[in-house]
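> Take this structure, written in structure tokens, and hold onto it; I'll ask about it next.
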Amino acid sequence: MIQQHDRFAPRVLHWVENFRLGIFLLGTLVAGFQELRIMVDADTATLTDLLQLLLCLEIVTMLGLYYKQGQLPVRFQSISLSSRWRVVSFSA
1 MIQQHDRFAP RVLHWVENFR LGIFLLGTLV AGFQELRIMV DADTATLTDL LQLLLCLEIV
61 TMLGLYYKQG QLPVRFQSIS LSSRWRVVSF SA
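Mapping to full-length UniProt numbering: the sequence shown position 56 is 56, numbers consecutive.
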């Protein structure tokens, strides 16, 4: 009985993890395309727009690295994210 749980639990956790990361990836792609649409409709590209597109690219890259390496490299992303949000908040 315990052996069944030992095999079942990791599979369920792996499925939940992939499902959540898939939703995260889908949301990031939607946000990136929405930002592109805003830029095209406004016919300008501001620093805020470019930083948000770069952030979307970094998130997609981070998810790709996770699937290749099995580790989520969050430290660098959080440092660069916080500095970019400061730039965005000061420029707005």
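Note that beta-carbon positions come from the ideal geometry of N, C-alpha and C, so glycine has one too.
Evaluate the contact criterion for the segment 53 to 70 versus the segment 16 to 33: three or more CB pairs, one atom per stretch, below 8 Å.
Yes, they touch.
> As a quick exercise: from LEU65, THR48, PHE24, pick the residue whose alpha carbon is nearest that of SER83.
Among LEU65, THR48, PHE24, the Cα nearest to that of SER83 belongs to THR48.
> What is the C-beta distance between LEU63 and PHE24, in whole angstroms, given that I count them as a contact (C-beta under 8 Å)?
Yes, LEU63 and PHE24 are in contact; Cβ-Cβ is about 7 Å, under 8 Å.
> Measure the C-alpha to C-alpha separation of ALA18 and THR46 and round it to an integer number of angstroms.
The sequence given here has Asn at residue 18, not Ala. Roughly 34 Å separates the two Cα atoms.
> Quick one: what's got a C-beta closer than 8 Å to GLN71's C-beta in the same chain, skipping five residues either side?
Excluding residues within five positions, the ones whose Cβ falls inside 8 Å are LEU65.
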